[in-house]
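Scroll down for the structure; my scribbles are underneath it.
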Amino acid sequence: MKGPVNWLWHHQQRDQVRVPTPGSDPSAIQRRFAMKLQSHEGVLHFDKLHYLRKFEEADRIVLIYASFMLVPTNRIQFRNHGHALITPSKTDPLQGRVVTILQQLDVGFQDYREWTNEPC
3 MKGPVNWLWH HQQRDQVRVP TPGSDPSAIQ RRFAMKLQSH EGVLHFDKLH
53 YLRKFEEADR IVLIYASFML VPTNRIQFRN HGHALITPSK TDPLQGRVVT
103 ILQQLDVGFQ DYREWTNEPC
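Heads up, the sequence shown is in this note's numbering, so the first residue is 3 and it goes up one at a time.
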């Protein structure tokens with residue numbers, strides 16, 4: 003059961019700068035980066051913070067994740083969080099896996115005063 007999870011974990015760590023966090027351990031990855039995407043209105047700049055944590059138990063593996071993405075020019079923010087539960091298949095527990103994913107995406111707009119630290 004650990005093979006695919008280890009591949010995913012290695013893929014998340016590869017070529018990424020890990021940011022140490024208080025109390026961090028090998029089962030947690032935090033990444034902060036900026037990216038640019040071309041749109042019909044021009045180039046959009048995104049600032050992103052991504053957090054991933056792995057819990058390994060005898061009969062399952064749980065991955066939790068959260069992402070915060072900000073478009074500074076438009077003051078739009080996207081929040082994504084969820085978890086993936088990986089368990090052995092009941093019909094073929096030695097080879098088969100069942101992956102259950104729950105994810106939520108929220109979109110918001112930040113108030114101008116929050117960006118400038120002006121009093122409300």
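A virtual CB, placed ideally from N, CA and C, is assigned to each residue, including glycine.
Close CB contacts of valine 100 within its chain, under the 6 Å cut and outside five residues either way in sequence, are with Thr89 and Ser91 (chain order). In the DSSP annotation of this structure, the continuous segment of the beta strand (DSSP E) that includes threonine 89 starts and ends at 78 to 90.
Beta-bridge partners of threonine 102 (DSSP): Leu87.
Taking a 10 Å sphere around the C-beta of leucine 72, we find 16 or more other C-beta atoms and assign the residue as buried.
The secondary-structure analysis by DSSP pairs glutamine 97 with nothing; it has no beta-bridge partner. When rounded, the separation of the alpha-carbon atoms in glutamine 40 and histidine 47 is 9 Å. Pairing alanine 36 with tyrosine 53 gives a Cβ-Cβ distance that is not under 9 Å. Exclusion of the five residues before and after phenylalanine 57 leaves Val64 as the residues of its chain whose Cβ lies within less than 6 Å of its Cβ.
Serine 41 carries a strand assignment under DSSP once its states are collapsed to helix, strand and coil.
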